[in-house]
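K.L.:
First residue of the sequence shown: 6, per the numbering used here; consecutive thereafter.
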Amino acid sequence: MSDSEIKKGLAGVVVDQTAISKVNPETNSLLYRGYPVQELAARASFEEVAWLLWHGELPSADELAELVSFERANRALTPQVKAAIDLLPTDCHPMDVGRTAVSVIGAGHPRAEDSSPEAELEKAKHLWAQFPAVVAYDQRRRRGLDPVEPRDDLDYSENFLWMSFGEQAHPAVVDAFRVSMVLYAEHSFNASTFTARVITSTLADLHSAVTGAIGALKGPLHGGANEAVMHTFAEIGIRDGEPADQALERARTWMEQALAEKRKVMGFGHRVYKNGDSRVPTMKAALDRMVEHYGRDDLMGLYDGLEQAMEHAKQIKPNLDYPAGPTYHLMGFDTAMFTPLFIASRITGWTAHVMEQRAANALIRPLSDYVGPDERHLPQL
Ligand code: COA
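1) Can you give me the C-alpha to C-alpha distance between MET105 and PRO248, rounded to a whole angstrom?
2) Taking the CB atoms as reference points, tell me whether LEU188 and MET342 lie closer together than 8 angstroms.
3) Put PHE347 into one of helix, strand or coil per three-state DSSP.
4) Answer yes or no: do SER423 and ARG363 have a C-beta to C-beta separation smaller than 8 angstroms?
5) On the DSSP bridge list, what partners appear for PHE273?
6) Check whether the region 175–184 touches the region 197–206, counting contact only when three or more Cβ pairs, one atom from each stretch, lie closer than 8 angstroms.
7) Can you list the alpha helix (DSSP H) stretches of 4 or more residues lying completely in the region 112–195, in chain order?
8) Can you confirm whether the region 211–222 touches the region 328–340 when touching is taken to mean that 3 or more C-beta pairs between the two stretches lie within less than 8 angstroms?
9) Between which two residues does the beta strand (DSSP E) holding SER34 run?
10) Figure out for me which residue from ALA141, ASN79, SER108 has the closest Cα to the Cα of ALA134.
11) I believe ALA129 touches TRP56 by the beta-carbon criterion, under 8 angstroms. Please report the beta-carbon distance rounded to the nearest angstrom.
12) At what residues does the alpha helix (DSSP H) containing SER213 begin and finish?
13) Please report the Cβ distance between SER412 and PHE51, rounded to the nearest whole angstrom; I am assuming they are in contact, meaning their Cβ atoms lie under 8 angstroms.
14) When you compare only the Cα positions, how much space is there between HIS114 and ARG148?
15) Are the region 314–330 and the region 223–240 touching, with three or more C-beta to C-beta distances below 8 angstroms?
16) By DSSP, does ASN79 sit in helix, in strand, or in coil?
17) Terminal residues of the continuous beta strand (DSSP E) containing PRO27?
18) If we ignore side chains and look at the alpha-carbon of each, how far apart do ASP293 and MET305 end up?
19) Kindly indicate which three-state DSSP category TYR333 falls into: helix, strand or coil?
20) Note down the Cα distance separating PHE379 from LEU372, rounded to an integer number of angstroms.
21) Provide the residue(s) that pair with TYR375 in DSSP beta bridges, ordered along the chain.
22) Give the straight-line distance between the Cα atoms of LYS269 and ILE321, rounded to the nearest whole angstrom.
23) Can you find the residues in the same chain that come closer than 6 angstroms, C-beta to C-beta, to VAL277, ignoring five residues on each side of it along the sequence?
24) Measuring from the CB of PRO331, is there a heavy atom of ligand 1 at a distance below 7 angstroms?
25) What first and last residue would you give for the alpha helix (DSSP H) that runs through LYS289?
26) Using a threshold of 7 angstroms, is the CB atom of HIS275 nearer than that to any non-hydrogen atom of ligand 1?
27) Is LEU15 a contact residue of ligand 1, with contact defined as CB to any heavy atom under 7 angstroms?
28) Helix, strand or coil, according to DSSP, for PRO99 in the structure here?
29) Could you check whether ARG351 and LEU166 sit closer than 8 angstroms to each other, using their CB atoms as the reference points?
30) To the nearest angstrom, how far is the alpha carbon of SER7 from that of ALA16?
31) Tell whether a beta-carbon distance below 8 angstroms holds between PHE136 and ALA349.
32) Can you list, in chain order, the residues of its chain whose CB lies under 8 angstroms from that of HIS227, leaving out five sequence neighbours each side?
33) Measuring straight from C-alpha to C-alpha, what distance separates ASP67 and VAL73?
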């Protein structure tokens, strides 16, 4: 087999069909079940988007009410899940906590081994409802704070922020958080979704598929980039109160130096989009609102400085993680919690793919080109 026949990283390979989302790099567009993600971010609740991804259509009023009531009723973690989280060190990566928690939630689910379409949907909704409490519980225990129990008078985003910080968030903050959840929800055959589909293709259960997907998402070339962006900002130096133009200059200088050293700067570039990530303008607008809300022009200076210097040197555009990182920072989340926030959203897309894969399954098992030693034998005794 020649090198040209090998599609390293499966780049450009179409491995299956999907009706869940369409990424069009030519037009920089992303459709969830046909709807532009920008329209959904402007007008739909995250609960509606979750339903859309699972069912293929937006919910009726009754269907939405049913989903909302299910989600609110399934928010609280069981003592077993809390105990499992408590067993993990507070200095382990929060993605390890997320991965473990999904496994424990799965093992305790009464329909764990039932992969009928109806059970699968119920498990998907249940896991989606549970995960915010995992993130909030973990962040609070790391901060030495008591957990905050969910409130069923709040919507998904309001309650997420409530459990995380123990106070009701400002509507502008809730809205920016909702936008991030909508934008992170689904993105076709990215590495973690493909992982979930590979696991499902063996006829393993939904929680195994999501656990594996979380492992794939942890890497900085994928979901881990949103926290890596904040590490970059920290390396440059975050100075609350610094005028934006000064921060901008420091960021430009830093980027020029980083590129001269041939460093990869997280939050820039994309395997599919080469002319800009379709989700960035919407997330950047949400970041702008947060910068104004919190009065943090210094962060916008850093943001613009890195973006401008990267554009000037390499014409590489930011991806969704670039505006998402500082948005979550402003909201008060610890940097290491950013990728678990991504999980909370992407559980919807992953589980929609698990169900789609299962409905028309073929074991995913590619071939490899062997380049090791020719056949040889142990020495004669
Ligand atoms: N910083 C600096 N240079 C970058 C870059 C970045 N973030 N992203 C790509 N490049 C450069 C590469 O160094 C390479 O340059 P070269 O041809 O001079 O060697 C060129 O652009 C092509 O990059 P490549 O890594 O081959 O593209 P890819 O399609 O395989 O990679 C990513 C896509 C996402 C893995 C890559 O852009 C990246 O590592 N980005 C940072 C991580 C990140 O933000 N991930 C989140 C994705 S949503």
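Cβ atoms here follow ideal geometry from the backbone N, Cα and C, with glycine treated the same way.
The structure presented is a predicted model; accordingly, all values stated were derived computationally and were not measured.
P.N.:
With the given structure in hand:
1) In the sequence shown, the residue the question calls residue 105 occupies position 100. In the sequence shown, the residue the question calls residue 248 occupies position 243. For the record, residue 105 in the displayed sequence is Thr; it is not Met. The alpha-carbon atoms of THR105 and PRO248 are separated by roughly 43 angstroms.
2) Translated into the one-based positions of the sequence shown, residue 188 becomes position 183. Translated into the one-based positions of the sequence shown, residue 342 becomes position 337. Contact: no.
3) In the sequence shown, residue 347 corresponds to position 342, counting from 1. Assignment of PHE347 by DSSP, reduced to helix, strand and coil, places it in the helix class.
4) Coverage of the chain is limited to positions 6 through 386, which leaves residue 423 absent and any answer about it impossible.
5) The count along the sequence shown starts at 1 and reaches residue 273 at position 268. Its beta-bridge partners are PRO323.
6) Counting C-beta pairs closer than 8 angstroms gives fewer than three between the region 175–184 and the region 197–206, which falls short of the contact rule.
7) 122–147, 161–170, 176–189
8) no
9) Within the sequence shown, the letter at position 29 stands for residue 34. Element bounds for SER34: 34–37.
10) For this step, residue 134 is matched to residue 129 along the sequence shown. Looking at the Cα atoms, ASN79 is the closest of the given residues.
11) Taking the first residue of the sequence shown as 1, we reach residue 129 at position 124. Taking the first residue of the sequence shown as 1, we reach residue 56 at position 51. About 11 angstroms; that fails the 8 angstroms criterion.
12) One-based indexing of the sequence shown puts residue 213 at position 208. Looking at the DSSP string, the run of the alpha helix (DSSP H) that includes SER213 is 211–223.
13) With the chain represented from 6 up to 386, any question about residue 412 goes unanswered, as that position is not in the structure.
14) For the purposes of this step, residue 114 is taken as the residue at position 109 of the sequence shown. For the purposes of this step, residue 148 is taken as the residue at position 143 of the sequence shown. Straight-line Cα distance between these residues: approximately 29 angstroms.
15) yes
16) Position 74 of the sequence shown, counting from 1, holds the residue named residue 79. Of the three classes helix, strand and coil, the one that applies to ASN79 here is coil, per DSSP.
17) As a first step, residue 27 must be located in the sequence shown, where it is residue number 22. According to the sequence provided, residue 27 is Lys. The question's Pro does not apply to it. Run containing LYS27: 26–29, per the beta strand (DSSP E) assignment.
18) The residue you call residue 293 lines up with position 288 of the sequence shown. The residue you call residue 305 lines up with position 300 of the sequence shown. Rounded to the nearest whole angstrom, the C-alpha separation of ASP293 and MET305 is 8 angstroms.
19) Residue numbering aside, residue 333 sits at position 328 when the sequence shown is read from its first letter. Helix at TYR333.
20) Taking the first residue of the sequence shown as 1, we reach residue 379 at position 374. Taking the first residue of the sequence shown as 1, we reach residue 372 at position 367. Note on residue identity: the sequence assigns Asp, not Phe, to residue 379. Their Cα atoms are separated by approximately 18 angstroms.
21) Counting from one through the sequence shown, the residue named residue 375 turns up at place 370. None, per the DSSP bridge assignment.
22) Mapped onto the sequence shown, residue 269 falls at position 264. Mapped onto the sequence shown, residue 321 falls at position 316. The alpha-carbon atoms of LYS269 and ILE321 are separated by roughly 11 angstroms.
23) Looking up residue 277 in the sequence shown gives position 272. Answer for VAL277: VAL28, PRO30, listed in chain order.
24) Here residue 331 corresponds to residue number 326 of the sequence shown, with the count starting at 1. PRO331 Cβ: outside cutoff for every heavy atom of ligand 1.
25) The sequence position of residue 289 within the sequence shown is 284, counting from 1. That run of the alpha helix (DSSP H) goes 285–299.
26) To locate residue 275, count along the sequence shown from 1; it is residue 270. True, at least one ligand heavy atom lies under 7 angstroms from that Cβ.
27) The sequence position of residue 15 within the sequence shown is 10, counting from 1. In this structure, LEU15 has its CB at a distance of at least 7 angstroms from all heavy atoms of ligand 1.
28) Here residue 99 refers to the residue found at position 94 when the sequence shown is read from its first residue. Helix at PRO99.
29) Here the question's residue 166 lines up with position 161 in the sequence shown. Here the question's residue 351 lines up with position 346 in the sequence shown. No.
30) For the purposes of this step, residue 7 is identified with residue 2 of the sequence shown, where counting begins at 1. For the purposes of this step, residue 16 is identified with residue 11 of the sequence shown, where counting begins at 1. Roughly 16 angstroms between the two C-alpha positions.
31) As a first step, residue 136 must be located in the sequence shown, where it is residue number 131. As a first step, residue 349 must be located in the sequence shown, where it is residue number 344. Contact: yes.
32) Translated into positions along the sequence shown, residue 227 becomes position 222. Around HIS227: ASN195, ALA196, SER197, ALA221.
33) Counting from 1 along the sequence shown, the entry for residue 67 is found at position 62. Counting from 1 along the sequence shown, the entry for residue 73 is found at position 68. Rounded to whole angstroms, ASP67 to VAL73 spans 10 angstroms at the Cα level.
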